[in-house]
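Undergrad: In the numbering used here, the protein residues as written are 12 to 393. All C-beta atoms, glycine included, are put in the ideal place defined by N, C-alpha and C. Since the structure is predicted, the reported quantities are computational estimates derived from the model, not experimental observations.
1. What span of residues does the beta strand (DSSP E) with residue 94 cover, start to end?
2. Using a 10 Å radius around the Cβ and a threshold of 16 neighbouring Cβ atoms, would you call residue 321 buried or exposed?
3. What is the rounded straight-line gap between the Cα of residue 24 and the Cα of residue 352?
4. Kindly confirm or deny that the region 295 to 305 and the region 272 to 286 touch, where touching means at least three C-beta pairs closer than 8 Å.
5. Just verifying my parser: in three-state terms, what is the DSSP assignment at residue 270?
6. Nearest to residue 91 by alpha carbon, out of 252, 262, 326, 265?
7. Within 10 angstroms of the Cβ of residue 12, are there 16 or more other Cβ atoms? Answer buried if so, exposed if not.
8. From residue 79 to residue 29, what distance separates their C-alpha atoms?
9. Counting only runs that start and end within the region 264 to 312, where is the alpha helix (DSSP H) found for 4 or more residues in a row?
10. Please state whether DSSP places residue 343 in a helix, a strand or coil.
11. Would you mind stating whether residue 365 and residue 311 have Cβ atoms separated by less than 7 Å?
12. Contact defined as beta carbons within less than 8 Å: I believe residue 179 pairs with residue 201. What is the distance between those atoms, to the nearest angstrom?
13. Looking only at DSSP bridge pairs, what is residue 200 linked to?
14. Taking contact to mean at least 3 C-beta pairs separated by less than 8 Å, is the region 154 to 172 in contact with the region 122 to 130?
15. Tell me residue 326's beta-bridge partners as DSSP assigns them.
16. Run through DSSP, which three-state label would residue 83 get?
17. Assuming residue 133 is part of the beta strand (DSSP E), what are its boundary residues?
18. Which stretch, first to last residue, makes up the beta strand (DSSP E) that contains residue 117?
19. Taking residue 206 and residue 290 to be in contact with their CB atoms under 8 Å, please state how far apart those CB atoms are, rounded to whole angstroms.
20. Hey, how far is the Cα of residue 384 from the Cα of residue 45?
21. Quickly, what does DSSP pair residue 250 with across the bridge? List them, please.
22. Taking DSSP as the reference, what is the three-state secondary structure of residue 146?
23. DSSP on residue 26, reduced to helix/strand/coil?
24. Identify which residue in 285, 247, 41 has its Cα closest to the Cα of residue 48.
25. Using the Cβ count rule (16 or more neighbours within 10 Å means buried), how would you classify residue 241?
26. Have a look at residue 198 and residue 117 and give me their C-alpha separation to the nearest angstrom.
27. Is DSSP giving residue 210 helix, strand or coil here?
28. Taking Cβ positions, are residue 249 and residue 267 nearer each other than 7 Å?
29. Apart from the five residues just before and just after residue 203, which ones in its own chain have a Cβ nearer than 6 Å to its Cβ?
30. For residue 70, which residues of its own chain have a beta-carbon under 6 Å away from its beta-carbon, when the five flanking residues on both sides are left out?
31. Please classify residue 409 as buried or exposed, where buried requires at least 16 neighbouring CB atoms within 10 angstroms.
32. With 16 other CB atoms within 10 Å as the buried threshold, where does residue 309 fall?
33. Under DSSP, the alpha helix (DSSP H) around residue 128 begins and ends at which residues?
34. Can you find at least 3 beta carbon pairs, one from the region 338 to 348 and one from the region 185 to 196, that sit closer than 8 Å?
35. With a 10 Å radius around its C-beta and 16 neighbouring C-beta atoms as the bar for buried, classify residue 389 as buried or exposed.
So this is what it looks like as structure tokens:
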């Protein structure tokens, strides 16, 4: 029998949800529509006879547009430092597949996005998890660096974090970058949720990323159009890195992956035209659902801390599991889905089995949060 990777808890819970379940909060899909500038650009791109394969690095036009997009945030990059992929998950695979060799170690602050743990073994590398402390799961550069050994080749994390919403502070990022440089390793930062940062519940515009260094910078930045512009199904991400690394990533993609979608790249050339007002509105759409859930769940056995960013709440399920007799978060979430029509993702998918992830953007309307909380209370008291 051929064995693949373990089945994700999110898939098992999804299968347990009844048809037309009232509250599917499993997936971190945006709650807002894409901007008109990009929808119009996609329609135009479909009418142009450009059916050929793209460059494996990404089209020159899109890489130029990404340089302009980052310049709006005060960053300076060259097209040679931009690598485009069919979604940011393939960027994770291309980056780790390029950097890692059999016997290498990659340090993963936990909780962390599942592919950070599933990709390294594909090339014979070992994952070294570094647990972070509840309830806020803050990043600690010294604690992460304490896990380094002579075999450490990379650290990978997301900020804002999927699933916790924690943000790697600028000072912690600086110290961690210094530590990986001294190690001769790399810091891989997944910034898919960069537009969704909140300061004390406010709609906070994201600060510019620390100024990129010259070639030789050990920080590799992975970005996504999906969350920022509400185009998850378009599947397009990009990476900003040292030009020599970009050439290596491109060679990996040419050998093992498909080049990115030509028509979608043509459409996303218009991304720099999207006004900041759209980005602020998108943040508010997400934040309104985060606030509604925080309030509705506050007096249940599944309260969650206020996230610093991202789409999700990450709640301690210990008491909820005790009340229901569930052996673990997966069995708790599966029963909750089947019996109450509420879909949460078990923390086992992120290396933290006693928690659940609640994707706020899955809430159809902020006003639906009390009904979700009522269903949860009835389930817990049954």
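TA: To lay it out plainly:
1. 93 to 96
2. It counts as buried.
3. Residue 24 and residue 352 have their C-alpha atoms some 10 Å from each other.
4. At 8 Å Cβ cutoff, the stretches do not touch.
5. coil
6. 252
7. Low confidence applies here, because residue 12 scores a pLDDT of 49, under 50, leaving its location unreliable; read the following figure in that light. Residue 12 comes out exposed.
8. Whole-angstrom Cα-Cα distance: 45 Å.
9. 273 to 279, 287 to 308
10. helix
11. No, Cβ-Cβ distance for residue 365 and residue 311 is not below 7 Å.
12. In this structure residue 179 is not in contact with residue 201, their Cβ atoms being roughly 11 Å apart against a cut-off of 8 Å.
13. 168, 232
14. yes
15. 367
16. coil
17. Segment: none, residue 133 is in no beta strand (DSSP E) and carries neither H nor E.
18. Segment 116 to 121, the beta strand (DSSP E) holding residue 117.
19. The beta-carbon separation of residue 206 and residue 290, rounded to 5 Å, stays under the 8 Å limit for a contact.
20. 29 Å
21. 94, 233
22. coil
23. helix
24. 285
25. buried
26. 10 Å
27. strand
28. no
29. 99, 235, 238
30. 276
31. Nothing in the structure corresponds to residue 409, since the chain is present only between 12 and 393.
32. exposed
33. Segment 126 to 129, the alpha helix (DSSP H) holding residue 128.
34. no
35. exposed
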